[in-house]
Every structure is written in C-alpha cells, then in structure tokens.
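Colleague: One structure, as structure tokens, below. Some questions next.
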Amino acid sequence: MSRSQIVFVFLFATLFTDVTNGAPRTRRSADVTIFAHENYRGRTLSYSLGRSCRNLLGSFRDEVTSVRVNSGCVQLCRFDNCMHCTDVRESYSDLADISLNDQIRSLRRCDDDPLDYQYV
-1 MSRSQIVFVF LFATLFTDVT NGAPRTRRSA DVTIFAHENY RGRTLSYSLG RSCRNLLGSF
59 RDEVTSVRVN SGCVQLCRFD NCMHCTDVRE SYSDLADISL NDQIRSLRRC DDDPLDYQYV
C-alpha cells in the first residue's frame, strides 16, 4: 500500500469516527488530546467531545497517562459509560498526579448541571 493510500485510509477512518461518534464543534464541546505516555508522548487520540459518553477501545483502554485539554472541561472516567468521573479543566503531563494514570476507560464533556454527573 502506498503512502498516499495509507494517509487516505487514516483520514477516512478519522472522519468516519468523528461523524459517527463525535459531537460537532460548538461552544458546548470540549477539545482534548489523550496520550499513552507521560509528558504528552506516545500514541495520541484527539476528540471534540459533546455530552455523549465516549468509551475508549483498543490500545487506549486503561493506558492514558497524559492529557491535554485544549478547550472546555473534560470528564475522565474510570469505568465504561462515563461512570466514576473526575472533571479536568487543565492539561496534565502525568495523570498519576491526580491518581488516574492508566485508569481511564471513557470520557465526555463536563456539564454545568451538577445533577448530570458524579463529583469525585
């Protein structure tokens, strides 16, 4: 497979994932990038999150070590379906600082309604 074909497949897969699972970029979204290693290194995934929960699959499940919050507030959750979450409003180069290293299974945008989610 040529390099241009690989790039096309990657871009198509990224677009398809964003269309089927992501939220449109609005002022009510949160933009975040997750990293497999500390200090924003290793494999990365970027999301524009809406209120819907995003369960992590594959190699990122329980392997997120750093997070860059580009805008908004993000809930990092220890269980699927956004259960047992911690609100994060800033970037962390090492999630061990907030006892979340290699424990993230799902994420979503924070909401201003305190009845919508659990404080940890």
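Just so we're aligned: 92 in this note's numbering is position 94 of the sequence shown, and the numbers increase by one with no gaps anywhere.
Glycine included, each C-beta is placed from N, C-alpha and C at the ideal position.
Predicted, not measured: the structure shown is a model, and the values here were computed from it.
1. Nearest CA to the CA of Thr42: which residue from Leu98, Val65, Met81, Val86?
2. So, under 8 angstroms CB-CB, Arg59 and Arg106 are touching, yes? Tell me the CB distance rounded to an integer number of Å.
3. Taking buried to mean at least 16 other C-beta atoms within 10 Å of its own C-beta, is Arg103 buried or exposed?
4. Could you say which of Asn99, Gln101, Tyr38 lies nearest to Asn68 if we only look at CA atoms?
5. In whole angstroms, what separates the C-alpha of Gln101 from that of Ser0?
6. Can you look up Asp100 in the DSSP assignment and give me helix, strand or coil?
Modeller: Taking the geometry as given:
1. Taking the sequence shown and counting its residues from 1, the one referred to as residue 42 is at position 44. Thr42 has its Cα closest to that of Val65, out of Leu98, Val65, Met81, Val86.
2. Position 61 of the sequence shown, counting from 1, holds the residue named residue 59. Position 108 of the sequence shown, counting from 1, holds the residue named residue 106. That pair is no contact at about 16 angstroms.
3. Here residue 103 is taken as the residue at index 105 of the sequence shown, counted from 1. Buried, because 16 or more other Cβ atoms sit within 10 Å of the Cβ of Arg103.
4. Taking the sequence shown and counting its residues from 1, the one referred to as residue 68 is at position 70. Distance check between Asn68 and each of Asn99, Gln101, Tyr38 places Tyr38 closest, using alpha-carbon atoms only.
5. Translated into positions along the sequence shown, residue 101 becomes position 103. Translated into positions along the sequence shown, residue 0 becomes position 2. Rounded to the nearest angstrom, the two C-alpha atoms are 37 angstroms apart.
6. To locate residue 100, count along the sequence shown from 1; it is residue 102. In the structure shown, Asp100 falls within a coil segment according to DSSP collapsed to helix, strand and coil.
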